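The structure appears below as structure tokens.
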Amino acid sequence: MNKRILLVNGPNLNLLGTREPATYGHDTLDDVVALASRAAGELGFEVRAVQSNHEGELIDAIHAAREDCDAVVINPGAFTHTSIALRDALSGVALPFAEVHISNVHAREEFRHHSYLSGIASCVFVGAGTRGYEFAVRRMIEVVSA
């Protein structure tokens with residue numbers, strides 16, 4: 002076991018804290034990474050974080066995780082609803098992963114109700130705000146430690 006979780010954040014999540022605070026809150030991406038890192042550290046794991054607005058960079062990071070990560074926590078942003086390529090990457094590396102969405106996507110626009118990732122995810126956290134990342138990290142550590 003590598004004792005490492007890859008934390009992946011997709012497009013526009015670099016704007017957390019300033020982007021639509023009524024929907025996404027005031028926590029920044031740095032706050033999210035710190036929250037996930039604290040949760041992982043309490044259980045003897047570390048977090049490697051990546052954020053990109055470019056699908057290929059996220060796929061490359063997921064591929065690289067095969068070498069030194071035990072699981073993935075991903076908020077794919079808008080790629081949730083469009084990216085078969087991200088689904089294939091996650092399926093291909095065969096690491097357990099948690100899907101996270103800060104807002105309740107099921108209470109939003111119809112196009113946000115479908116996820117290409119949920120069907121293969123170990124678990125999905127929706128609408129828990131940034132705490133969803135903490136919940137996801139803890140759950141993934143439970144999964145890989147079982």
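Per my numbering, the sequence shown starts with residue 2, numbered consecutively.
Positions of the beta carbon are idealized from the N, C-alpha and C atoms, including for glycine.
Treat the numbers as computed from the prediction; the structure is a model and nothing was measured.
Where Leu118 falls: helix, strand or coil (DSSP): Against the sequence shown, residue 118 aligns to sequence position 117. Here Leu118 carries a coil assignment [DSSP, helix/strand/coil].
For Phe126 and Ser104, what's the separation of their Cα atoms in angstroms? Within the sequence shown, numbered from 1, the residue matching residue 126 stands at position 125. Within the sequence shown, numbered from 1, the residue matching residue 104 stands at position 103. Each residue's alpha carbon lies about 10 angstroms from the other.
Quick test of your reading: Cys74 and Ala62, contact by CB under 8 angstroms. State the CB separation rounded to the nearest angstrom. What you label residue 74 is simply residue 73 of the sequence shown in a count that begins at 1. What you label residue 62 is simply residue 61 of the sequence shown in a count that begins at 1. In the sequence as displayed, the identity of residue 74 is Val instead of Cys. Cβ-Cβ separation between Val74 and Ala62: approximately 12 angstroms, too far for a contact (criterion under 8 angstroms).
Quick one: what does DSSP say Ala40 is sitting in, helix, strand or coil? For this step, residue 40 is matched to residue 39 along the sequence shown. Helix, per DSSP.
Buried or exposed: which applies to Asn76, given that a residue is buried once 16 or more other Cβ atoms fall within 10 Å of its Cβ? Counted from its first residue, the sequence shown places residue 76 at position 75. Asn76 counts as buried, since no fewer than 16 other beta carbons sit within 10 angstroms of its beta carbon.
Those runs of the beta strand (DSSP E) which lie wholly inside the stretch 60-131 and span at least 3 residues: The qualifying runs are 72-76, 98-102 and 124-127.
If you run the structure through DSSP and keep just helix, strand and coil, what is Arg49? Stepping through the sequence shown from its first residue, residue 49 is reached at position 48. In the structure shown, Arg49 sits in a strand (DSSP, three-state: E or B).
Which one of Glu135, Val33 and Gly128 has the shortest CA to CA distance from Ala23? In the sequence shown, counting from the first residue as 1, residue 23 sits at position 22. Cα-wise, what sits closest to Ala23 is Gly128.
With Asn10 as the anchor, note down where its beta strand (DSSP E) starts and where it stops. Walking along the sequence shown from the start, residue 10 turns up at place 9. Its beta strand (DSSP E) spans residues Arg5 to Asn10.
Using the Cβ count rule (16 or more neighbours within 10 Å means buried), how would you classify Arg109? As a first step, residue 109 is located in the sequence shown; it is residue number 108 there, counting from the start. Arg109 is exposed by the Cβ-count criterion.
Look up Asp31 in the DSSP assignment and say whether it is helix, strand or coil. Reading the sequence shown from its first residue, position 30 is the one you call residue 31. Residue state, collapsed to three classes: helix.
Relative to the alpha-carbon of Glu111, which residue among Thr19, Lys4, Ala79 and Arg39 has its alpha-carbon at the smallest distance? By one-based count along the sequence shown, residue 111 stands at place 110. In this structure, Ala79 is the residue among Thr19, Lys4, Ala79 and Arg39 with its C-alpha nearest to the C-alpha of Glu111.
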